[in-house]
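Residue numbers (this note's numbering), protein chains in the order written: chain W, 451 to 803; chain H, 1362 to 1655.
Every residue gets a Cβ at the ideal spot worked out from N, C-alpha and C, and that includes glycine.
Note sheet for the following structure.
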C-alpha cells in the first residue's frame, strides 16, 4: 500500500487489459469500498425524512442511468422517459394488484414490457435523427399517457391505482430503512451493469453510433440493431425505476408521468453529465434535492418576505430553467466533469504550474 | 352534414392560428437549425401583456396589440442575445435543452407575475354570431382568420421581396455563403427570433380571445410542433398547410371520436398524425431531404 495521502499523478496504461479495467489504479478500489460503506451506514445515521429523500434520489438515479444509456452514450434524444416510467409503474401495479403476482416477479416483467414498448418507439430511430427523433419520442409520451388516462378498466384512469410495498415471506419493506436498502441493491446492480456494458462490444458499438453513425455503419455496426438495443436496455432500467418508485409512493396515477417528468430526467443527465454513469447519479441527486433546498430557502426568507411562499412554484420553475441554461453554457459535461476537474486540480496541488 | 361543416370551419380557424405559430418554429429552424421549445411561453407572455394592457390599463385593443407586438419583438431579441447565442453550432441536445430551460424560466416568470387563474379578454369583437349558408360562426373566428391571412400574405411578400427577407432565406440556405456575401448572420438570427416571438404573440392574442387566457395556453407550443413537422420543419408553405390539416383533423376527431372514448382526443390526434408522418415521410410533406456523406 502506498502512502494514502499522495495522489497519483500519472496513469500509464501499457496493456489493453489495464485500459479496460474498472479500477484504473488500485487506490480506486479502496475508495469505492469506503463510499459504498458510507452509503450502507447512511440510513443508520440519518432521520427518516433524509432516508426517504435518498431513496427517491436513488430510484430516480436508476431511471437516469437508463436514459443516459440512450441519450448520453448512444446519442438518441428521448423526451418520453416520463411515459416509460409510467409503463413500468403501471405494469407492475396491474400485475400485483389485479393478477396477484408477487412484486419480485412483477418487477422484472415491468422492466421487460417497458423495454418492449421502448424498442417499439425506437423503430423510427433508424430513419430519424436529432430533432425529428426527439419529436417521435415526444409523441410516444403524449400517446402513452393518453392511453393510460383512457383505459379505465385496466389502469384506473385518472384516479390511478393503489399498490402495496413488496414483501419476502413475513417481512414487508414497510419502513424507510428497508426500502432504502432495496433501492440500494438495485442501484448498485444497475450501476455495475452499465459500467460493464460500456466495456463490452455492444457498449462500444453504441458509443460509435453516437459519435458518427454513418462511420459506425461502415465499420460493420448494424445501426438498426444497436439503436433498438439502446432503446430496449435504456427503457428496461427506466421501467424498473418506475416500478420501484410506484411501490415506494404506493399510488400510481397519470399525473406522475407527464412531460414535466421527462424534462426533469433529461435535466438530470444533462446536469450530471451526458455519457457518464456516475454523472447520472449526481444529476438525479441534484434534481431531487433542488426543490427541497429551494423550499428550505423559501422558509428561511419567508420570515422577511411573507409574499415569497405564494410564488414558490414559479420561483422553482425559474431556478430550474436557469440552472439548465447555466450548466449548458458553462459546464456542458455536467457535475461529473466538475468533479473530475476538482480531482485533477488536487492531483498536482500545490504545484500546479 | 351541418355538424361536419361546423367542425371543419372551427378546425380551419384554429388551424390558421396553428399555422401562424408554426411559422415561428419554421423561421427559427430555417435560419439557425434550432427548434424553440419556448415558443409556447412566448405566446403566453405576449397574450398576458396584451390582456394586461387592455383590461388593467384600459388601452384600446388596437394600440395594445401594437404595443404587445413591439414588446414581443424585444423579448425575442433579448432571448436570442442572452440565451441562444452561445448555442449556435452546438449539438442538437444542447439546443433542445437550452430552449426547454428557457421555457421553464419564462413560464416561471409568467407564473409569478400573472398567477394561474383563467382570465378572459374584455369583449373586443361583436358577439352576435354570423350565419353563413347555415354555418354559424362567431365573429372572433372570422376576425382571426382575416388577421392570420393578412399576416401570412405580409410574410410571403416580406420573404420574397424585402432585403431582410432575402438575407434570411440566404442564411437559411447556407450560412457560410451568406456571411461571405456580406450578410450579417447575427442580425438575421436576431430578426428571426423577433419575428418568431411576434407571430406567436399574435397567435396567442387570437387564441386568448377565443378560449380565455391561462398558463395552459403555453401547451400550444408543444401542440404546434407536429404542425411544423407535418409540413416539413424548413418549409413555410408546409407550416401553413400543416396548420390547416392538423387543425381540421383535430377538430373532426374531437367532434366524432371524443364521445366514444370520453374526451381528450384533441390533444393526442396531432401526435398520432406526427408518428404516422415520421414513419412514412421523415422530413414532412415539403421538408428538404438531408443527404449525408461520411
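If you check the beta carbons only, do residue i and residue j fall under 9 Å apart?
i, j, result
"residue 1509 of chain H", "residue 1436 of chain H", "no"
"residue 798 of chain W", "residue 511 of chain W", "no"
"residue 1557 of chain H", "residue 1386 of chain H", "yes"
"residue 1506 of chain H", "residue 1601 of chain H", "no"
"residue 686 of chain W", "residue 561 of chain W", "yes"
"residue 664 of chain W", "residue 680 of chain W", "no"
"residue 1486 of chain H", "residue 1569 of chain H", "no"
"residue 558 of chain W", "residue 617 of chain W", "no"
"residue 784 of chain W", "residue 710 of chain W", "no"
"residue 1458 of chain H", "residue 774 of chain W", "yes"
"residue 719 of chain W", "residue 590 of chain W", "no"
"residue 706 of chain W", "residue 535 of chain W", "yes"
"residue 626 of chain W", "residue 502 of chain W", "yes"
"residue 1465 of chain H", "residue 767 of chain W", "yes"
"residue 676 of chain W", "residue 524 of chain W", "yes"
"residue 1407 of chain H", "residue 1551 of chain H", "no"
"residue 786 of chain W", "residue 729 of chain W", "yes"
"residue 586 of chain W", "residue 596 of chain W", "no"
"residue 693 of chain W", "residue 556 of chain W", "yes"
"residue 690 of chain W", "residue 636 of chain W", "yes"
Would DSSP call residue i helix, strand or coil?
i, result
"residue 791 of chain W", "helix"
"residue 635 of chain W", "helix"
"residue 622 of chain W", "strand"
"residue 451 of chain W", "Bear in mind that the predicted position of residue 451 of chain W carries a pLDDT of just 45, short of 50, making it unreliable; the figure below should be weighed with that in mind. Coil, per DSSP."
"residue 1385 of chain H", "helix"
"residue 554 of chain W", "helix"
"residue 1411 of chain H", "helix"
"residue 710 of chain W", "helix"
"residue 1427 of chain H", "helix"
"residue 524 of chain W", "coil"
"residue 578 of chain W", "coil"
"residue 1541 of chain H", "helix"
"residue 540 of chain W", "helix"
"residue 693 of chain W", "helix"
"residue 1454 of chain H", "helix"
"residue 1594 of chain H", "coil"
"residue 1564 of chain H", "helix"
"residue 585 of chain W", "helix"
"residue 1550 of chain H", "helix"
"residue 1530 of chain H", "helix"
"residue 669 of chain W", "coil"
"residue 1395 of chain H", "coil"
"residue 1418 of chain H", "coil"
"residue 1650 of chain H", "coil"
Can you list the residues of chain W that residue i reaches, using a CB-CB cut of under 9 Å?
i, result
"residue 1628 of chain H", "592 and 596"
"residue 1461 of chain H", "529, 713, 716, 717, 771 and 774"
State the beta-bridge partners of residue i as determined by DSSP.
i, result
"residue 1574 of chain H", "H:1480"
"residue 611 of chain W", "W:702"
"residue 1492 of chain H", "H:1497"
"residue 617 of chain W", "W:622"
Find the residues of chain H that neighbour residue i, judging by a C-beta separation of less than 8 Å, and give them in chain order.
i, result
"residue 599 of chain W", "1625"
"residue 586 of chain W", "1635, 1636 and 1639"
"residue 741 of chain W", "Within 8 Å Cβ-Cβ: nothing; residue 741 of chain W doesn't reach chain H, min ~13 Å."
"residue 488 of chain W", "In chain order: nothing, as chain H lies at least about 32 Å away."
Whole-angstrom Cβ separation of residue i and residue j, contact assumed at under 8 Å?
i, j, result
"residue 1384 of chain H", "residue 1597 of chain H", "7 Å"
"residue 1382 of chain H", "residue 1559 of chain H", "Actually they are not in contact, since the Cβ atoms of residue 1382 of chain H and residue 1559 of chain H sit about 11 Å apart, beyond 8 Å."
"residue 1480 of chain H", "residue 1573 of chain H", "7 Å"
"residue 598 of chain W", "residue 704 of chain W", "5 Å"
"residue 1469 of chain H", "residue 765 of chain W", "7 Å"
"residue 1591 of chain H", "residue 1646 of chain H", "6 Å"
Taking residue i as the query, report the chain W residues whose CB atoms sit under 7 Å from its CB, ordered along the chain.
i, result
"residue 1632 of chain H", "589, 592 and 593"
"residue 1455 of chain H", "778 and 782"
"residue 1468 of chain H", "767"
Just to make sure I have the definition right: I need the residues of chain H whose C-beta is within less than 7 Å of the C-beta of residue i. Which are they?
i, result
"residue 577 of chain W", "1643"
"residue 574 of chain W", "1639 and 1640"
"residue 761 of chain W", "1473"
At a Cβ threshold of 9 Å, is residue i touching chain C?
i, result
"residue 1448 of chain H", "No chain C appears in the structure shown, which is made up of the protein chains W and H."
Taking Cβ-Cβ distances shorter than 8 Å, what residues in chain W pair up with residue i?
i, result
"residue 1585 of chain H", "In chain order: nothing, as chain W lies at least about 12 Å away."
"residue 1444 of chain H", "775"
"residue 1622 of chain H", "600"
"residue 1458 of chain H", "716, 717, 720, 774 and 778"
"residue 1465 of chain H", "713, 767, 768, 770, 771 and 774"
Residue i versus chain H: which residues are under 9 Å apart at the beta carbon?
i, result
"residue 521 of chain W", "1454"
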